[in-house]
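First comes the structure, then the notes that go with it.
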Amino acid sequence: MLTDIQKEIVKVLQEDLPNTKEPFVEIGNKIGISEEALLNEINYLIDKGYLRRMGAVLAHRKIGLNYNPMIVIETKEEYINDLGEKIAAFTEVTHCYNRPRMDDFPYDLYAMIHCNSQEEVSEIVKKITNDDRIISYKLLYSTKEYKKTSMKYFI
Amino acid sequence: MDNTDKKILQIIQHDFPLVNRPYKAIGEKLDLSEEEVLDRIIKLKNEKIIRRIGGLFSSKKLGYTSLLCAAKVKEEDTDKVAEILNSYPGITHNYKRDNEYNIWFTLISDSEETRDKTISEIESKIGYFVNKLPATKLFKLRAVFKIPEGDE
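Same order as they appear, the protein sequences are chains X and Y. Be aware that the first sequence starts at -19, since it is given in my numbering, and climbs by one per residue. Be aware that the second sequence starts at 35, since it is given in my numbering, and climbs by one per residue.
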C-alpha cells in the first residue's frame, strides 16, 4: 500500500513537470517534503514497479510516426508465449498482449506497431508473420483518434 | 524540430534525470547549456510534440484494473458513441478502426466491481454490446519510440 505522501507524489507526477531549472525542489515544496526525500520516494516507486518510468510522453504522429497499425494474430495455445516474446522484441512494437478470443475474431496476440512509412510497416509485419506458428493475422489501422490521454489516479 | 531536439527527445523519453538540475544533466550529455535544453523542451511542449514530462504508472500496481474493449457500431452512430465514451475519465484511449469491430477503447477502473458497473452503464447508454478483452498476459508495454532520423 502506498503512503499518503506517495499518493501525493503520484498525483503530482501524473501532471507535467514544472518548466524550471529545479523541478523537484518545486514539487517538494508543493507537497511539503525536501527534494532529497522526494527523489528517494520516486526511486522507491520505480524500484517497486509502481512507476514504470519517468520521462517525456511524445505525440508519436508529431515525431513522424504516422503508420501505427494494431496487429492481431491467431496462433495455437502452445505458441502464444514464444510468439509474444518474439513480437515484443521489436523496437517498433510498443505494446504486446495475449487476450481472449472473440467468436468472430479468433486472435490471441495483440501488438501496436509504430512506423514512419508504409514500407517500414510491411517490412516489420513480414518479419513478424513469416512464422509457421501463425495461422492468420490482420492489421487494424485507426481511422480516427477520439481520445488519447494519461490516466489520473487518486482523484 | 531539428536533430538537437531529436537527441533531447531520445534521452528524455527513456529516462528523465532524477537529479537537482535535470536540464543541466541533459545538456552535459549533448554539450548544450542548461538554458538551451530547457528552452527547447518548453518549445517542444508548446508545439505539443511533448505531451508532458512526468511519471508513467503501472495501473495494476496502483490497484487499478485496465481493460481493452471492442464494439461493432453502425457507421452513422460512431461519432455519437465516441462522444459518450469520451465523457468517462477512466476511458483513456478511444479509436475508430477499419474493421467490423470499429470502436476500440481502454477503460481503467479502481476495482473490478466499478469496471463491470461502468461497462453495463456504457452499454445501456450507447445501445451496443461491449466486448471485454482483458490482457491475459503482458509481453510488452513501453511506449518509447524510435525517433525517425533526418531534419524536418
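The beta-carbon is built from N, C-alpha and C at its ideal position, and this holds for glycine as well. Given the structure is predicted, the values throughout are model-derived calculations rather than measurements.
Beta strand (DSSP E) segments (min. 3 residues) lying fully within the segment 20 to 72 of chain X: Residue ranges of uninterrupted beta strand (DSSP E) with 3 or more members, entirely inside the segment 20 to 72 of chain X and ordered along the chain, are 31 to 38, 50 to 55.
Min CB distance Arg79(X) to chain Y below 8 Å: If you number the first sequence from 1, residue 79(X) lands on position 99. Interface residue, yes.
According to DSSP, residues forming a beta bridge with Glu125(X): As a first step, residue 125(X) is located in the first sequence; it is residue number 145 there, counting from the start. Beta-bridge pairing links Glu125(X) to Tyr129(Y).
Where Ile115(X) falls, given that 16 or more other Cβ within 10 Å makes a residue buried: Walking along the first sequence from the start, residue 115(X) turns up at place 135. It counts as exposed.
Bounding residues of the alpha helix (DSSP H) (the contiguous stretch that carries Ile60(Y)): Translated into positions along the second sequence, residue 60(Y) becomes position 26. 56 to 64 is the extent of the alpha helix (DSSP H) around Ile60(Y).
Straight-line gap, Phe139(Y) to Leu119(Y) (C-alpha atoms, nearest Å): By one-based count along the second sequence, residue 139(Y) stands at place 105. By one-based count along the second sequence, residue 119(Y) stands at place 85. For Phe139(Y) and Leu119(Y), the distance between alpha carbons rounds to 8 Å.
Cα-Cα separation, Arg74(Y) to Ser14(X): Along the second sequence, read from residue 1 onward, the residue named residue 74(Y) stands at position 40. Along the first sequence, read from residue 1 onward, the residue named residue 14(X) stands at position 34. Their Cα atoms are separated by approximately 28 Å.
Top-ranked residue by Cα proximity to Glu2(X), from Glu69(Y), Lys106(Y), Gln47(Y): Counting from 1 along the first sequence, the entry for residue 2(X) is found at position 22. Comparing C-alpha distances from Glu2(X) to each of Glu69(Y), Lys106(Y), Gln47(Y) shows the shortest one belongs to Glu69(Y).
Assigned secondary structure, Asn78(X) (DSSP; H/G/I helix, E/B strand, else coil): The residue labelled residue 78(X) in the question sits at position 98 within the first sequence. Strand.
Against chain X: residues of the segment 85 to 96 of chain Y by CB proximity under 8 Å: Considering only beta carbons, the part of the segment 85 to 96 of chain Y lying closer than 8 Å to chain X consists of Arg85, Arg86, Ile87, Gly88, Gly89, Leu90, Phe91, Ser92, Ser93, Lys95, Leu96, in chain order.
Nonlocal neighbours in the same chain, by C-beta distance under 7 Å from Ser97(X), ignoring five residues either side: The sequence position of residue 97(X) within the first sequence is 117, counting from 1. Residues of the same chain with a CB within less than 7 Å of the CB of Ser97(X), apart from the 5 flanking positions on each side, are Tyr47 in chain order.
is_contact[Lys127(X), chain Y] using C-beta, thresh 8 Å: In the first sequence, residue 127(X) corresponds to position 147, counting from 1. Chain Y, which has a Cβ nearer than 8 Å to the Cβ of Lys127(X), makes this yes.
Per DSSP, the bridge partner or partners of Gly89(Y): Along the second sequence, read from residue 1 onward, the residue named residue 89(Y) stands at position 55. DSSP output for Gly89(Y) lists Met34(X) as bridge partner(s).
For Arg91(X), the residue or residues it bridges with in DSSP: One-based indexing of the first sequence puts residue 91(X) at position 111. Reading the sequence as shown, one finds Ala at residue 91(X) and not Arg. The partner list for Ala91(X) (beta bridge, DSSP) reads Ile51(X), Cys76(X).
Integer-rounded CB distance, given that Leu38(X) should sit under 8 Å from Ile76(Y): The residue you call residue 76(Y) lines up with position 42 of the second sequence. The residue you call residue 38(X) lines up with position 58 of the first sequence. Contact between Ile76(Y) and Leu38(X) fails: their C-beta atoms lie close to 15 Å from each other, not under 8 Å.
Alpha-carbon to alpha-carbon, Ala36(X) and Thr55(X): By one-based count along the first sequence, residue 55(X) stands at place 75. By one-based count along the first sequence, residue 36(X) stands at place 56. Rounded to the nearest angstrom, the two C-alpha atoms are 35 Å apart.
Delimiting residues of the beta strand (DSSP E) encompassing Ile115(X): Walking along the first sequence from the start, residue 115(X) turns up at place 135. Note, Ile115(X): beta strand (DSSP E), 114 to 120.
With 16 other Cβ atoms within 10 Å as the buried cut-off, status of Glu134(Y): As a position in the second sequence, residue 134(Y) is number 100, starting the count at 1. Under a 10 Å Cβ-count criterion, Glu134(Y) is classified as exposed, with fewer than 16 other Cβ atoms of the shown protein chains found around its own Cβ.
Beta strand (DSSP E) segment containing Ala105(Y), residue limits: Within the second sequence, numbered from 1, the residue matching residue 105(Y) stands at position 71. Taken as a continuous stretch (DSSP letters only), the beta strand (DSSP E) holding Ala105(Y) covers 99 to 105.
Asp185(Y) - DSSP class collapsed to helix/strand/coil: Here the question's residue 185(Y) lines up with position 151 in the second sequence. With a pLDDT of 47 at Asp185(Y), under the threshold of 50, the modelled position of this residue cannot be trusted, and the question is left open.
Pairwise C-alpha distance: Cys103(Y) and Lys124(X): Numbered from 1 along the first sequence, position 144 holds the residue referred to as residue 124(X). Numbered from 1 along the second sequence, position 69 holds the residue referred to as residue 103(Y). For Lys124(X) and Cys103(Y), the distance between alpha carbons rounds to 16 Å.
Paired residues, beta bridge with Lys166(Y) - DSSP: One-based indexing of the second sequence puts residue 166(Y) at position 132. DSSP lists Cys103(Y) as the beta-bridge partner residues of Lys166(Y).
CB contact below 8 Å: Asn9(X) versus chain Y: To locate residue 9(X), count along the first sequence from 1; it is residue 29. Answer no: the Cβ-Cβ gap between Asn9(X) and chain Y never drops below 8 Å.
Beta carbon proximity, Lys77(Y) to chain X, threshold 8 Å: What you label residue 77(Y) is simply residue 43 of the second sequence in a count that begins at 1. It does not: the Cβ of Lys77(Y) has no partner Cβ on chain X nearer than 8 Å.
Short-range partners of chain X found in the segment 156 to 172 of chain Y, where Cβ spacing is below 9 Å: Answer in chain order: Asn165, Lys166, Leu167, Pro168, Ala169, Thr170, Lys171, Leu172.
Under 9 Å by beta carbon: chain X residues contacting Glu68(Y): The residue labelled residue 68(Y) in the question sits at position 34 within the second sequence. Neighbours of Glu68(Y) on chain X, chain order: Lys1.
Short CB-CB distance (under 8 Å) between Ala105(Y) and chain X: Working through the second sequence from its first residue, we reach residue 105(Y) at position 71. It does not: the Cβ of Ala105(Y) has no partner Cβ on chain X nearer than 8 Å.
Min CB distance Arg113(X) to chain Y below 8 Å: Counting from one through the first sequence, the residue named residue 113(X) turns up at place 133. Closer than 8 Å: no.
CB contact check: Arg176(Y) to chain X, cutoff 8 Å: To locate residue 176(Y), count along the second sequence from 1; it is residue 142. It does; some Cβ of chain X falls within 8 Å.
Rounded C-alpha distance that separates Glu126(X) from Ser121(Y): Taking the first sequence and counting its residues from 1, one reaches residue 126(X) at position 146. Taking the second sequence and counting its residues from 1, one reaches residue 121(Y) at position 87. Before going further, note that residue 126(X) is Tyr rather than Glu in the sequence given. If you draw a straight line from the Cα of Tyr126(X) to the Cα of Ser121(Y), it comes to about 11 Å.
From Pro56(Y), Gln44(Y), Ser143(Y), residue whose alpha carbon lies closest to that of Ile135(X): On the first sequence, residue 135(X) is found 155 positions in, with the first residue counted as 1. When only C-alpha atoms are compared, the closest one is Ser143(Y).
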